[in-house]
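Right, one structure below, let's go through it.
Residue numbers (our numbering): 19 to 164.
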């Protein structure tokens, strides 16, 4: 959803609010990605990590390398940006704060109660195998008791 909104906003380049709104949505996307990578951590840590990632990418723009990479492959411009802007950092912080507030209120992004350990290939196989899933284990335990 964040990606669709962010790309849609890019079509309205003339409006002054599109830059900060796009940066805020970028931070929301980074928040979601960080939440997927470290679901067992607190929501505040996930928000701080999202802002840190955004800040690192923004500071990376000072090197000029993202702009030259974006010239060689244009989709990288959407990921890395091209020029540093101090106002972007504020937009990232606001976007991560909104993601944190929504996540804390609704619990839809990070649900630690459903966390089943670190994400590995083996854990993905176990989770996708109905014979090994926690639900089937509970059923087996119930039938064993009879």
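Glycine is no exception: its CB is placed at the ideal position from the N, C-alpha and C atoms.
Contact check, residue i vs residue j under 8 Å by CB: the rounded distance?
i: residue 109; j: residue 42; result: 5 Å
When you compare the CB positions of residue i and residue j, do they come within less than 7 Å of one another, or not?
i: residue 71; j: residue 46; result: no
i: residue 100; j: residue 113; result: no
In the structure shown, what three-state DSSP assignment does residue i receive?
i: residue 88; result: helix
i: residue 78; result: helix
i: residue 127; result: coil
i: residue 113; result: helix
i: residue 56; result: coil
i: residue 70; result: helix
How many Å lie between residue i and residue j at the Cα?
i: residue 53; j: residue 123; result: 15 Å
i: residue 126; j: residue 119; result: 11 Å
i: residue 103; j: residue 81; result: 13 Å
i: residue 36; j: residue 96; result: 14 Å
i: residue 93; j: residue 78; result: 17 Å
i: residue 64; j: residue 73; result: 14 Å
With distances taken from CA atoms, which of the options is nearest residue i?
i: residue 69; options: 125, 127, 120, 116; result: 116
i: residue 67; options: 86, 38, 50, 91; result: 50
Examine the ligand NAP and report whether any of its heavy atoms sits within less than 6 Å of the Cβ of residue i.
i: residue 73; result: For the ligand NAP, the structure offers nothing, since it holds no ligand at all.
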